[in-house]
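Structure first, commentary second.
There are 2 protein chains.
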Amino acid sequence: MRYELYYWDGIQGRGEYVRLALEDAGARYVDVARGDGGEDAMLALLDGRRVARPPFAPPFLKAGRQLIGQTANILLYLGPRLGLAPASESGRLWTHQLQLTLADLVVEAHDVHHPIAGSLYYEDQRREAKRRAKNFVAERIPKFLDYFERVLARHPRGKPYLLGRAVTYADLSLFQVVEGLGYAFPKAMARVARGHRRVIGVRDRVRERPGIAAYLASPRRIPFNEQDIFRHYPALDA
Amino acid sequence: MRYELYYWDGIQGRGEYVRLALEDAGARYVDVARGDGGEDAMLALLDGRRVARPPFAPPFLKAGRQLIGQTANILLYLGPRLGLAPASESGRLWTHQLQLTLADLVVEAHDVHHPIAGSLYYEDQRREAKRRAKNFVAERIPKFLDYFERVLARHPRGKPYLLGRAVTYADLSLFQVVEGLGYAFPKAMARVARGHRRVIGVRDRVRERPGIAAYLASPRRIPFNEQDIFRHYPALDA
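Note that the protein sequences, when read in sequence, are chains A and B. Read in order, the letters of the first sequence correspond to residues 121 to 358 in the working numbering. Read in order, the letters of the second sequence correspond to residues 121 to 358 in the working numbering.
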C-alpha cells in the first residue's frame, strides 16, 4: 500500500503525528500537498461534490479508495497496519485514548497564541494570549505531563513506553508534543522536565529510533516555526 | 452487560454523549457518580494506584474489567455493541471521524465562555469571552454546521441520518450539539437554522426516537445550566 497524506505545506501541524508513524514504520507514502499542484489536489478532495465522505479539514489520508480524516482517527487506522498499536481491541482503545488526550493538549497549546480566534492574527490577541499562556504554563502543561508520567510509572523498569515494552504511535506523538512544548516554552519546559523523567525518557528514546532519526535529519522534517501550532513567542514563555 | 458510567453530577457535559447512546439503545447502565458515594468511587478510579489504565478525566466507562476514557473512544467501543455504528471497519472509522469533528466543536463551544482558563470564573474572563463569542457565532458555528449539512446532502431523500438510513451515535451527538447551541445562543441559532434544514432534521428525528424521548422526559436528563459546557449568557449571543 502506498499511502497519500494530505496536509498543508510549510508547517508540521497535525500532519506531523501521521508523518512520524509512517516514517517510524518505513511505510511508503506521498506527502501530496508538498508537491507540485498538491495543494489544489487537497482542496479538491475537501470540497469535491463527488467525495462521499468529505473530511472537515486536513490532515487526511488516502488509503486505496478510503479517505480518512481526523488525526487520531488516521492513527487508529494505521496503528495495527504499521505495527504501532497492539492487536487486541482493548489495547487499541487504550492507545487511542492516550492519543486523544494528547490531542486535547495540542488544542490547548495552539489556543495559547490564539485564545480569541484562529482567523485573527496573534498580534490582534496578544494581550489575551499572555493571560492564557500564564495559566497554560503554570497549570495545564504540568497537569498533562503528570498524567503521562503516572501512566509510565505503572510499568517496571525495562518497559519504557506508554504501553510497556512495545512502542506505539502514542509514544511518537508524545515525543512530538514534548519537542513542540520545548520549542515554544523553553524556560517553562526546563523547569517542568525535572519532575517528568519518564516522559523525557520517551522523548529521548523516540528521537533515536532509526526511522525517526533518519526523518529528523532529512529535508522532509519541516522546522518548527511561527505559523505552526507550537510557536516560540518569548512573551508567552513565563 | 451492565455498564457503569462515571461522570460529574449536575451537568450534562461530555457524559451526555455516552448517556444518549446508552438510552437510545435501552442498555443497562448505572450513572455511578450521581448515586450515594458515587463521586468518591469516581475519584478513586481516577487517582487509584492500582488502576492500570487510568483515565485523564471523566467521563469514563467501566465495561466488565475494562476501563475506557475519552468520550469519542467510549462511543467507538459502544457503537457496534449498541447497534449504533456499522459493522464494517470503514463505516466505523467514518462514524468516529464525524464524532471527533463534533468533539472539536464542543471544545470551542466551551472555550467561548472560558477563553483564558477553565480554572478561572467566567466573570474573570468576561471581556475576552465576548470577543471570542463574536467570532464563534459568526464564523465557527456556520463552518461546522455547513459541514454536517454537506455530509447529509450527499444522501438522497429517505436517508436522513449522517450515514444514510441507519442512525449512529454521531447523529445522537449532533442532536445534543444542536440542542446545546440552541440553548446557549438562541438568537444566533435561529438565524443559522434556516440554512441548515438537514441538520435540524436530524435533531428533530433524534428527539422523537422512543429511547431518547423517554429519556428527555425523565429525571435522568439534567437540564441545561450555567455550570455546563453550553451556557446561556445573553451577552455572548450576538
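The C-beta atom is built at its ideal place from N, Cα and C for all residues, glycine as well. Owing to the predicted nature of the structure, the values given are computational and were not obtained by experimental measurement.
Taking C-alpha atoms, which residue in A/121, A/307, A/355 and A/330 lies nearest to residue 186 of chain A?
One-based indexing of the first sequence puts residue 186 of chain A at position 66. For residue 186 of chain A, the nearest C-alpha among the options comes from A/121.
Residues in the same chain with beta-carbon distance under 6 Å from residue 95 of chain B, minus the five sequence neighbours each way, listed in chain order, please.
Residue 95 of chain B is absent from the model: chain B starts at 121 and stops at 358.
Give a yes or no on contact between the segment 290-301 of chain B and the segment 184-199 of chain A, applying the rule of three or more CB pairs nearer than 8 Å.
Not touching, per the Cβ criterion.
Under a Cβ-count criterion, where at least 16 other Cβ atoms within 10 Å of its own Cβ denotes burial, should residue 239 of chain A be classed as buried or exposed?
Taking the first residue of the first sequence as position 1, residue 239 of chain A is located at position 119. So residue 239 of chain A counts as exposed.
Between the alpha carbons of residue 289 of chain B and residue 279 of chain B, how many angstroms are there, rounded?
Translated into the one-based positions of the second sequence, residue 289 of chain B becomes position 169. Translated into the one-based positions of the second sequence, residue 279 of chain B becomes position 159. Straight-line Cα distance between these residues: approximately 16 Å.
Please report the distance separating the alpha-carbon of residue 163 of chain A from that of residue 183 of chain A.
Here residue 163 of chain A refers to the residue found at position 43 of the first sequence. Here residue 183 of chain A refers to the residue found at position 63 of the first sequence. In a straight line, the C-alpha of residue 163 of chain A is about 17 Å away from that of residue 183 of chain A.
Going by DSSP, what residue range makes up the beta strand (DSSP E) through residue 129 of chain A?
If you number the first sequence from 1, residue 129 of chain A lands on position 9. Premise fails: residue 129 of chain A is in no beta strand (DSSP E) and is neither H nor E.
Name, in chain order, the residues that DSSP records as bridge partners for residue 182 of chain A.
Here residue 182 of chain A corresponds to residue number 62 of the first sequence, with the count starting at 1. According to DSSP, which records beta bridges pairwise, residue 182 of chain A is partnered with A/124 and A/187.
Between the Cα of residue 254 of chain B and the Cα atoms of A/237, A/250, A/152 and A/249, which residue gives the shortest distance?
Translated into positions along the second sequence, residue 254 of chain B becomes position 134. Checked all of A/237, A/250, A/152 and A/249; the closest Cα to residue 254 of chain B is A/237.
Measuring straight from C-alpha to C-alpha, what distance separates residue 221 of chain B and residue 273 of chain A?
Sequence index remark: in the second sequence, residue 221 of chain B carries index 101 (1-based). Sequence index remark: in the first sequence, residue 273 of chain A carries index 153 (1-based). Distance between the alpha carbons of residue 221 of chain B and residue 273 of chain A is about 32 Å.
Residues of chain B with CB closer than 9 Å to the CB of residue 201 of chain A, please, in chain order.
Here residue 201 of chain A is taken as the residue at index 81 of the first sequence, counted from 1. Near residue 201 of chain A there are no residues of chain B at all, since even the closest Cβ is about 11 Å away, more than 9 Å.
Any beta-carbon of chain C closer than 8 Å to the one on residue 168 of chain B?
The structure shown contains no chain C; the protein chains it does contain are A and B.
Should residue 258 of chain B and residue 235 of chain B be called a contact, given that it needs their Cβ atoms to be closer than 8 Å?
For the purposes of this step, residue 258 of chain B is taken as residue 138 along the second sequence, with counting starting at 1. For the purposes of this step, residue 235 of chain B is taken as residue 115 along the second sequence, with counting starting at 1. No. Outside cutoff.
With 16 other CB atoms within 10 Å as the buried threshold, where does residue 172 of chain B fall?
Residue 172 of chain B sits at position 52 when you count from the first residue of the second sequence. It counts as exposed.
What are the partner residues of residue 150 of chain A, as DSSP defines its beta bridges?
On the first sequence, residue 150 of chain A is found 30 positions in, with the first residue counted as 1. Beta-bridge pairing links residue 150 of chain A to A/124.
Could you tell me the alpha carbon to alpha carbon distance between residue 284 of chain A and residue 308 of chain B, rounded to whole angstroms?
For the purposes of this step, residue 284 of chain A is identified with residue 164 of the first sequence, where counting begins at 1. For the purposes of this step, residue 308 of chain B is identified with residue 188 of the second sequence, where counting begins at 1. Residue 284 of chain A and residue 308 of chain B: Cα-Cα distance of roughly 49 Å.
If you draw a straight line from the C-alpha of residue 160 of chain A to the C-alpha of residue 150 of chain B, how long is it?
One-based indexing of the first sequence puts residue 160 of chain A at position 40. One-based indexing of the second sequence puts residue 150 of chain B at position 30. Cα-Cα distance, rounded: 50 Å.
For the segment 314-321 of chain A and the segment 122-131 of chain A, state whether three or more C-beta atom pairs, one from each stretch, are separated by less than 8 Å.
The segment 314-321 of chain A, when compared against the segment 122-131 of chain A, does not touch it at the 8 Å Cβ threshold.
Going by the beta-carbon positions, is the gap between residue 180 of chain B and residue 126 of chain B smaller than 8 Å?
For the purposes of this step, residue 180 of chain B is taken as residue 60 along the second sequence, with counting starting at 1. For the purposes of this step, residue 126 of chain B is taken as residue 6 along the second sequence, with counting starting at 1. In contact: residue 180 of chain B and residue 126 of chain B (Cβ atoms closer than 8 Å).
Is there a Cβ of chain B sitting closer than 8 Å to that of residue 173 of chain A, yes or no?
Here residue 173 of chain A refers to the residue found at position 53 of the first sequence. Yes, contact with chain B.
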